[in-house]
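Everything on this sheet refers to the single structure shown next.
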Ligand SMILES: Cc1cc2nc3c(=O)[nH]c(=O)nc-3n(C[C@H](O)[C@H](O)[C@H](O)COP(=O)(O)OP(=O)(O)OC[C@H]3O[C@@H](n4cnc5c(N)ncnc54)[C@H](O)[C@@H]3O)c2cc1C
């Protein structure tokens with residue numbers, strides 16, 4: 053295969069590291085995959101662009117950051133934690149949980165930190181992936197598993213004048229890159245966005261700040277959520293009384309699946325949730341005009357349903373102003389809205405979400421014959437077989453890949469299904485005495501046709517909103533189309549008939565197969 057000159061230069065400065073499986077990322081996905089491969093005795097290396105594990109739960113340290121699916125469900129099924137302090141845990145506890153899992157399984161010695169993967173190509177002769185980090189290190193692997201996550205590249209809309217605002221000394225940062233050196237006490241703070249992060253931030257900071265402007269484009273449906281600490285007796289019970297924690301997890305699972313049923317099969321049922329959401333507004337917000345601004349005009353569930361017992365109280369605080377006019381531009385002093393009003397702000401928080409539908413463009417992947425995956429996905433739309441493997445892209449697995457995120461339950465459940473599936477696929481290659489497998493075009497296409505057909509009737513496609521679940525053509529490339537147990541069924545068994553296998557038998561190893569070089573143990 054032809055090697056570009058800059059690639060050759062990079063390759064010559066560092067000795068390539070050879071491994072059987074290369075995992076990218078150390079969030080729930082990457083860590084879970086590593087544990088499964090370790091259990092199965094498959095050699096692997098993990099590359100992580102940051103200096104610590106944790107993904108979402110390392111990066112998001114904003115005030116009030118918490119999960120929105122109860123922790124007894126939003127955690128690994130094989131690593132339960134009976135003593136979660138809250139039903140919806142706050143970031144520090146989830147981050148600690150992931151660090152605890154990492155250490156328990158001794159995963160740090162497989163992780164190379166500060167290693168940002170920016171490209172990979174498949175070598176048709178060697179039947180191996182060559183993966184490169186931004187700093188020029190090369191890794192050669194039979195299998196690549198991407199656990200890069202869907203919500204980790206902060207999205208800050210391009211606003212005119214933002215540089216001018218910053219140059220004049222205004223602080224401005226994204227919720228996932230919270231600048232803890234900025235003291236908000238007494239300051240005029242602008243929060244832009246009213247999604248999942250904003251509704252957690254607003255009530256946490258409103259008492260400290262001097263004034264809070266909340267820039268709302270579309271209101272969210274926000275359901276009540278009493279998140280008091282779980283009493284000690286209950287934590288003791290989950291720890292000591294067999295079956296009680298499992299019962300709690302089971303209950304949480306099925307309540308969320310019921311919501312999933314409404315979202316995917318009977319969106320009309322979500323009107324019940326709307327009544328609850330309206331009651332949540334009424335009980336905290338007395339001002340009629342303000343209430344009117346807060347009521348969404350789309351079916352609940354079309355955008356992510358949020359939960360909070362404190363958000364509307366934060367909004368009702370006299371220090372808060374809800375601004376619904378669009379932002380026209382920034383100035384040296386603050387923000388000008390479409391109606392020409394300028395509001396001065398000392399600090400701006402972008403709670404504006406993440407690059408989701410275009411996140412695939414951040415790693416340059418070239419498959420057999422040099423086919424560019426980013427080009428293919430840009431042309432055809434992002435899709436995968438069962439959200440995990442890509443037609444004609446050998447030995448490449450995506451965790452939380454296309455159409456496997458959720459609007460109603462814990463994605464860790466999905467990740468675990470995908471981990472099992474990928475591990476089964478790796479075992480199938482070995483069993484077949486082959487070197488590689490890739491789904492056939494026909495299998496991938498017919499799977500995705502059916503999936504898009506099922507999505508057509510869901511609340512995400514019919515609910516009257518424009519959400520980050522949809523790509524620029526209005527096609528849902530993000531969410532799974534049904535309930536999570538259906539996904540579990542769809543991935544429970546690896547179907548070899550959907551794949552083609554190729555390469556010489558495993559008894560004819562290529563040059564690197566037997567090389568056992570691992571990243572030097574760290575920590
Ligand atoms: C504030 C917040 C709250 C959330 N709450 C919930 C919830 O309650 N329930 C739920 O189901 N989901 C929730 N999510 C979604 C959440 O992202 C997933 O649940 C889960 O954490 C994803 O895990 P992951 O390992 O796939 O990705 P991530 O946690 O994003 O981890 C990806 C890792 O890959 C690394 N990485 C990325 N690109 C590269 C590269 N090119 N090279 C090397 N390393 C790379 C990143 O640094 C990161 O460590 C939430 C998301 C956010 C932002």
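Numbering (our numbering), first residue to last: 53 to 575.
We treat Cβ as the ideally placed atom computed from N, Cα and C, and that holds for glycine.
Rounded Cβ spacing between residue i and residue j (contact assumed at less than 8 Å)
i           : j           : result
residue 233 : residue 403 : Not a contact, Cβ separation roughly 19 Å.
residue 554 : residue 488 : 6 Å
residue 81  : residue 467 : 5 Å
residue 290 : residue 275 : Incorrect: roughly 24 Å between the Cβ atoms, too far for contact.
residue 230 : residue 113 : 5 Å
residue 280 : residue 120 : Contact flag wrong, Cβ pair sits at about 16 Å.
residue 178 : residue 68  : That belief does not hold up - the Cβ atoms of residue 178 and residue 68 are roughly 11 Å apart, past 8 Å.
residue 477 : residue 441 : 7 Å
residue 109 : residue 150 : 6 Å
residue 367 : residue 375 : About 12 Å; that fails the 8 Å criterion.
residue 346 : residue 333 : 5 Å
residue 295 : residue 511 : Not confirmed; about 35 Å, so no contact.
residue 205 : residue 406 : 6 Å
residue 490 : residue 552 : 6 Å
residue 236 : residue 464 : Actually they do not touch by this definition, with Cβ atoms about 32 Å apart.
residue 282 : residue 137 : 6 Å
residue 115 : residue 257 : 6 Å
Reference residue i; option with closest CA among the options
i           : options            : result
residue 311 : 266, 126, 357      : 357
residue 125 : 261, 486, 461, 496 : 461
residue 513 : 271, 244, 319, 431 : 319
residue 160 : 146, 323, 98       : 98
residue 408 : 448, 520, 284, 415 : 520
residue 202 : 453, 179, 509      : 453
residue 266 : 288, 418, 250      : 250
residue 437 : 524, 327, 550      : 550
residue 269 : 500, 379, 74, 429  : 379
residue 433 : 264, 504, 128, 329 : 504
residue 538 : 456, 496, 494      : 456
residue 297 : 481, 123, 145      : 123
residue 395 : 236, 129, 241      : 241
residue 372 : 424, 287, 239      : 239
residue 219 : 304, 307, 386, 210 : 386
residue 361 : 335, 540, 377      : 335
residue 469 : 85, 79, 76         : 85
residue 72  : 137, 176, 183, 118 : 183
residue 307 : 76, 70, 293, 536   : 536
residue 273 : 526, 541, 517, 543 : 517
residue 494 : 525, 444, 382, 542 : 444
residue 327 : 309, 341, 349, 313 : 349
residue 131 : 87, 259, 509, 199  : 87
residue 414 : 339, 429, 459      : 429
residue 181 : 195, 282, 213      : 195
residue 458 : 324, 176, 257, 522 : 522
residue 529 : 424, 421, 410      : 410
residue 174 : 527, 157, 416, 548 : 416
residue 363 : 382, 351, 343, 355 : 343
Beta-bridge pairing of residue i - partner residues as DSSP gives them
i           : result
residue 266 : 243, 374
residue 528 : 522
residue 186 : Answer by DSSP bridge pairing: none, since residue 186 is not bridged.
residue 198 : 76, 450
residue 359 : 275
residue 389 : 379
residue 87  : In the DSSP output, where bridge partners are listed per residue, residue 87 has none listed.
residue 394 : 388
residue 281 : 138
residue 252 : DSSP output for residue 252 lists no bridge partner at all.
residue 180 : 175
residue 71  : 193
residue 169 : 185
residue 551 : 491
residue 352 : Residue 352 pairs with nothing; no bridge assigned.
residue 417 : 172
residue 206 : 406
residue 226 : 402
residue 163 : 98
| query | At what residue ranges does the region 84-125 contain a whole run of the alpha helix (DSSP H), taking only runs of 4 or more? | reply | List check, alpha helix (DSSP H) in window: 108-111.
| request: Please specify which runs of the alpha helix (DSSP H), each continuous and at least 4 residues long, are wholly inside the region 423-510, giving them in chain order. | output: Qualifying alpha helix (DSSP H) stretches, in chain order: 425-432, 463-483, 493-507.
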